[in-house]
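Shown next, in structure tokens, is the structure this report addresses.
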Amino acid sequence: MNRIATFSVIAALSTLSFGGITYATDAKMNWPSHIDQSVRAFKGDNVRIVDVDTLKEENQTRMWIDEASAEQRAALLAAVEANKPLATKLKAQNVEMNNIAGAEEAADGGLTIYVR
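Numbering (mature numbering (1 follows the signal peptide of the UniProt record, and there is no 0)) for the sequence shown: -24 to -1, 1 to 92.
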């Protein structure tokens, strides 16, 4: 009976370990699809600036920002710079373009820009 209980505990712990690996991989792949196109086409005043350091380490948004590739960040920065009205708004709020780490389109059509 003791062997069965030990085996059950080992199996449960193994499952938790693999679940954590899957979650981390999913977060890496969660860079918002076509966000560079959304940023390039964004028109409006609803822009929110969020410092990445204010997000908890286990926050999924922070995870995909931390895991973003150099190509993803470069495409996002190019999109922001191509959208002159948006770039002007960000500069007016003292956002340095090289500090932009990510972006998300809100359900209300607004834009959240994550900075470091």
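All C-beta atoms, glycine included, are put in the ideal place defined by N, C-alpha and C.
- Only residues of its own chain outside the window of five on either side were considered, and among them N59 have a CB closer than 8 Å to the CB of A17, listed in chain order.
- Looking from the CA of D27, the closest CA among G85, Q69, S9, D84 belongs to Q69.
- Sequence-distant Cβ neighbours of A55 in its own chain, meaning closer than 6 Å and more than five residues away, are D12, V15, R16.
- When DSSP states are grouped into helix, strand and coil, R38 belongs to the helix group.
- Bridge pairing for G78: Y90 [DSSP].
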